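Report on one structure; see the data block that follows.
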Amino acid sequence: MKKISIVFFAVIAIVSCTKEQTKDYLSVSGKLENNKDSIITISGQKGPLKTITINADGTFKDTLKVEKADVYVFSTSQSKRSPIYLKNGFDIKMNGDSDKFMESFVFSGKGANNSNFMIAQIEESQKIGNPALILELEENEFKAKLESIKKRYDSILNSYEDIDSSLVSKVNQQTTQMMNYFNQAYNKNKATAKGTPSPKFEDYTDFKGGKKSLDSFKGKFVYIDVWATWCGPCIQQIPFLKTLEKEYHGKNIEFISLSTDESGRSGGSWEAAEKKWRDFVKAKQLTGTQLWAGKDFSFQQAYQINAIPRFILIDPQGNIVSANAPRPSEPRLKELFTSLGI
């Protein structure tokens, strides 16, 4: 009996000694092709955690500790960035091209699938396209689109093994939030859906004098450019808009540029905001109908305009053709005009 006990405890001791101990740090190594940088920085929410030297041949290797398993940022001195999922005990190897960066990264080693999974999720998100166009779909198409997006995300999750539970929870939460956003936004957008009467504006200041309301243009298609003098992307569209206005001059369409310049960007003065708008219109020789909304935000709010430029197309009866119409620089705008017989 004594001999059996000695053997038993000897076996236990061997097993205990050979059992893998969880490291309180992690390892990161790899190689960047076409590398022109000298350092890699790994950062968390509180800032940089580790700076790693890149060798002349593009290889790198180092260790670091993290407070918790989480998504961190892997970046070079040229500010190229990629997410990386880190947890103490991981041994991650990564290879990629410095020029293509994130889209070329392949992770291997212990814990690597978490980062591969995240990049696959990001690539899928980029395929979704313009959210505003999804919100314009008919209800059946909209529901089918959301279901398709959800299935693709689930498929990506199921195709990777050994994903950390905290990452799965975070990704599922983000997916749920995205679905909720789309559903809530779609329900709000029903008020400005295709074919519904357009929200109206009244008594907006006309650059040429007097006041104008949306009803002033009834009987024509109306293409509205919601913009401001401080908005770079808005200004970039002006040459394209001028070309359109010239091409469609005399046809059954009115081009309205609706300035949203307000006091907050003019030293708190509404008079200064109006002057800034007038000076800009004059200096740039803007064509079409130039209106200023002034203190009235109701039209913007009704269309849920949170970013500019925003383009809206209304039919001769005052009904919405598109609450988020193509920009003047997009070829599909003229295709839309042609389909409407403009």
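The sequence shown begins at 0 in numbering that gives the first Met the number 0 and counts up one residue at a time. Positions of the beta carbon are idealized from the N, C-alpha and C atoms, including for glycine. These figures come from a predicted structure and were not determined experimentally.
Same chain only: Cβ atoms within 6 Å of residue i, ignoring 5 sequence neighbours per side
i, result
"residue 301", "198"
"residue 216", "253"
"residue 43", "71"
"residue 287", "244, 254, 256"
"residue 213", "199, 200"
"residue 330", "none"
"residue 108", "90, 91, 92"
"residue 189", "none"
Reference residue i; option with closest CA among the options
i, options, result
"residue 274", "166, 312, 228", "228"
"residue 343", "68, 336, 305", "As shown, the chain starts at 0 and ends at 341. That puts residue 343 outside it, with no answer to give."
"residue 292", "257, 270, 263, 324", "257"
"residue 57", "34, 51, 50, 63", "34"
"residue 59", "39, 127, 118", "39"
"residue 173", "117, 187, 210", "117"
"residue 75", "50, 94, 93", "50"
"residue 163", "78, 46, 289, 84", "84"
"residue 68", "114, 97, 79", "114"
"residue 95", "129, 31, 341", "31"
"residue 36", "79, 167, 47, 238", "79"
"residue 208", "81, 55, 289, 110", "289"
"residue 129", "325, 341, 332", "325"
"residue 121", "151, 235, 237", "151"
Neighbourhood of residue i by C-beta distance below 8 Å, restricted to the same chain and skipping five residues each side
i, result
"residue 307", "225, 226, 227, 230, 232, 233, 259"
"residue 339", "220, 314, 320"
"residue 136", "144"
"residue 132", "323"
"residue 196", "317, 318, 319"
Helix, strand or coil at residue i according to DSSP, with G and I counted as helix
i, result
"residue 181", "helix"
"residue 316", "coil"
"residue 326", "coil"
"residue 175", "helix"
"residue 136", "coil"
"residue 37", "coil"
"residue 61", "strand"
"residue 32", "strand"
"residue 290", "strand"
"residue 334", "helix"
"residue 152", "helix"
"residue 339", "coil"
"residue 104", "coil"
"residue 10", "Low local confidence applies: a pLDDT of 39 at residue 10 is under 50, so the model's placement there is unreliable, with the coordinate-based value given in what follows. Here residue 10 sits in helix by DSSP."
"residue 144", "helix"
"residue 356", "A query on residue 356 cannot be resolved here, the shown segment of the chain reaching from 0 to 341 and no further."
"residue 121", "helix"
"residue 78", "coil"
"residue 158", "coil"
Element boundaries [alpha helix (DSSP H), containing residue i]
i, result
"residue 243", "231-246"
"residue 94", "No alpha helix (DSSP H) holds residue 94; the beta strand (DSSP E) holding it covers 90-96."
"residue 275", "269-283"
"residue 297", "297-301"
Neighbourhood of residue i by C-beta distance below 7 Å, restricted to the same chain and skipping five residues each side
i, result
"residue 219", "251, 252, 253, 315"
"residue 185", "134, 141"
"residue 294", "269"
"residue 23", "64, 87"
"residue 210", "202, 203, 204"
"residue 161", "112"
"residue 178", "145, 149"
Contact with chain D by residue i, beta-carbon distance below 8 Å
i, result
"residue 109", "Among the protein chains of the structure shown there is no chain D, as only one such chain exists."
Start and end residues, beta strand (DSSP E) containing residue i
i, result
"residue 203", "203-205"
"residue 256", "252-258"
"residue 74", "69-75"
Beta-bridge pairing of residue i - partner residues as DSSP gives them
i, result
"residue 109", "90"
"residue 309", "225"
"residue 196", "318"
"residue 43", "46"
"residue 84", "70"
"residue 210", "204"
"residue 165", "Answer is none; residue 165 lacks a bridge partner."
"residue 304", "According to DSSP, residue 304 bridges with nothing at all."
"residue 27", "61, 91"
"residue 52", "38"
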